[in-house]
Ligand code: B12
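Numbering (the numbering used here), first residue to last: 1 to 258.
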C-alpha cells in the first residue's frame, strides 16, 4: 500500500507544478493586488467592495493630506478599478461586482472634479463620446474629467453616440479636438465612419481615440486619427494642438510609439 506523508506529497505536486494551496476567496485575491500606500489602499479596497461612502472618505483623507484631487483619479481610483478589472478577467468576480465598483469609482471621479480648482479661462472646446453601440463609459469619464481639470470646455455626448450626432456636434461646436472611446472590437469601427463623414465635410479636426479595444495600428488607418493609450494623453494632445501642432502627421509623430 502506498503511504504518502504530506511532505512527500507536496514534493511530488511541486515537481509537477500542481498547487496544493486552497483556492483564494475574491477578497483574499484582491488583498494581494491592492497597493500598500496608506492613502491608495483604503480607496482601492472601497472601490473593489463598491462602497461609495468609503471611497469618498478615502479621497477626503488623501486631499486633507495635501494630495491633488485630479491626480487621485489616476493614482488611486484607476488603481482600484484596475484590481477589479484584473479579477474580472481572471474569472474571480462577475459583472454585477464590476458594475458596483464602476459606480463607486464614477462617484469618486465626480467628487474629485468638484474639489479641483478649474482654470478660470477656457483653453478651447473638446467634443467627447463613446462609440455607437458601446456603453463602456468609464474611460471617457476620466478623459472628460482630466480635460476639464486642464481648462478645456468639454461637450460630453455620453455613450453609445450615433455617428451623425458626433458629426453634428463638431459642426455646431467647432472643437479643437474630438475624442472617441471604444471598448469593443465591434464598436470601434464607428470611428472610421465618424472620420469619413468629417473628412467628406472638409472638417479636419484631430480625432483622438482610445479605449480597451483600440490600438495605434487601428487608429492610424483613418486620416484624422491620433491614438492615446492613457486618459492623461487627452489633455496633452489638446495642449499640443493649441501650442501649434495641429496637423495629424505631426501629432502622430509626437504621440505615437515608433
Ligand atoms: C466595466 C465593464 C462593463 C460595464 C460597463 C460600465 C460602464 N459604465 O462603463 C458593463 C457591465 C455595463 C459592461 C457591459 C458589457 N460588456 Co464589458 N467590460 C467591462 C470591463 C470589466 C472593464 C472596462 C473598463 O471600464 N475598464 C477601465 C477603463 C478606465 O478603461 P478604458 O475605457 O479602456 O480607458 C482607459 C484607456 O483606454 C484610456 N482611454 C479611454 N478612452 C480614451 C480616449 C482618449 C482620447 C485617450 C487619449 C485615452 C482613452 O484611458 C483609460 C486609462 O487611463 C471590461 C474588461 C476589461 N478588461 O477591460 C469588459 C469588456 C470591455 N466588456 C465586454 C463585453 C463583451 C461586454 C458586453 C457585451 C457583455 C454582455 N454580454 O452583455 C456588455 C456591452 C454592452 C454594450 N453594448 O456596450 C468585453 C469586450 C470584448 C471585445 N473586445 O469586444 C470586455 C473586454 C470583457 C471581456 N474580456 O470579454 N461591461
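Even for Gly, the Cβ is constructed at its ideal location relative to N, Cα and C.
Item	Value
Spatial neighbours of residue 122 in its chain, beta-carbon cut-off 8 Å, leaving aside the 5 residues before and after	151, 152 and 153
C-alpha gap between residue 81 and residue 105, whole angstroms	7 Å
Candidates 77, 141 and 65, of which the one nearest residue 54 by Cα	77
Residue 18, buried or exposed, once every other Cβ within 10 Å from all chains shown has been counted against 16	Low confidence applies here, because residue 18 scores a pLDDT of 49, under 50, leaving its location unreliable; read the following figure in that light. Classification of residue 18: exposed, given that the 10 Å Cβ count is below 16.
Nonlocal neighbours in the same chain, by C-beta distance under 8 Å from residue 205, ignoring five residues either side	170, 175, 176, 177, 178, 198 and 224
Contact test: residue 122 Cβ vs the ligand B12 heavy atom, cutoff 7 Å	no
Distance cut-off 7 Å: residue 59 Cβ against heavy atoms of the ligand B12	no
Distance between residue 70 and residue 245 (C-alpha atoms, nearest Å)	25 Å
Straight-line Cα distance separating residue 23 from residue 255	43 Å
Near the ligand B12: residue 134 beta-carbon under 7 Å from a heavy atom	yes
Local Cβ density within 10 Å of residue 240, reported as buried at 16 or more and exposed below that	buried
One or two residues paired with residue 154 in a DSSP bridge	126
With 16 other Cβ atoms within 10 Å as the buried cut-off, status of residue 258	exposed
Straight-line Cα distance separating residue 208 from residue 242	14 Å
Three CB pairs or more closer than 8 Å across the segment 87 to 102 and the segment 38 to 45	no
Heavy atom of the ligand B12 within 7 Å of residue 112 beta-carbon	no
First and last residue of the uninterrupted beta strand (DSSP E) at residue 179	177 to 181
Cα-Cα separation, residue 142 to residue 200	30 Å
Residues near residue 147 by beta carbon distance below 6 Å, same chain, minus five either side	126, 154, 234 and 235
Length of the line joining the Cα atoms of residue 229 and residue 213	11 Å
8 Å Cβ cutoff met for residue 134 and residue 183	yes
Where residue 243 sits in the DSSP three-state scheme	coil
Supposed contact pair residue 84 and residue 48 - C-beta distance, whole angstroms, cut 8 Å	6 Å
Straight-line gap, residue 180 to residue 32 (C-alpha atoms, nearest Å)	34 Å
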